[in-house]
Structure formats: structure tokens, C-alpha cells
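J.: Can you read through this structure? Questions will come right after.
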Amino acid sequence: MAKKETNTKSFILRIDSETMSAIEAWAEDEFRSTNGQLQWIIAEALRKAGRLPKKKKAASKKTKEDVDSNQIGGEKKDEE
């Protein structure tokens, strides 16, 4: 099976046993792996600190209703 490319990096983390036990219990409560829980904790801390770049939102496509609501009698209604 081919290994798929990811943007993740591996590293070794040393952590005291009390903290690790708390993380493992929290992960179990959230139905995550311990690794997934650590990734979530770190990502949340980075978001709250404003350290992660903002995700670009995809341009929203107008629905037929959006287009119809902006037209009156075949002419476009002025948008303010």
C-alpha cells in the first residue's frame, strides 16, 4: 500500500505521568486518540493566541433564489 503524503511532522515529547494521565482521560472522554487530543489542544491554544493563519473561505456560489431575489421584472435590483 502506498504511503499518502501528509503535512504532519513527528517528534518526541516528554511529559510527566500525571499530565499524560489527564490527557489520556480527556481524550477518552472526547472519543479521540491521545495523539489527536494533543493535536486538538495545541491547535486550540494557537487559535486563541492568534498564532494560526486565518483559513481562506471559499467563494460562496449564489443560489437561484439569491439571484431571483436581486432581480425585479428582469432587471437587477440595486444592492446597497
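Numbered per UniProt numbering, the sequence shown spans residues 1 to 80.
For each residue, glycine too, the CB sits at the ideal point set by N, CA and C.
For clarity, every value in this text was computed on a predicted model and none was experimentally measured.
1) Using the Cα positions of Asp29 and Lys56, report the straight-line distance between them to the nearest angstrom.
2) Count the other C-beta atoms from every protein chain shown that fall within 10 angstroms of the C-beta of Gln39, then say buried if there are 16 or more, exposed otherwise.
3) Do Ala25 and Ser33 come within 8 Å of each other at the CB atom, strictly closer than that value?
T.: With the structure as the only source:
1) Cα-Cα distance, rounded: 31 Å.
2) Exposed, since its Cβ has fewer than 16 Cβ neighbours within 10 Å.
3) Result no, Cβ atoms of Ser33 and Ala25 do not sit closer than 8 Å.
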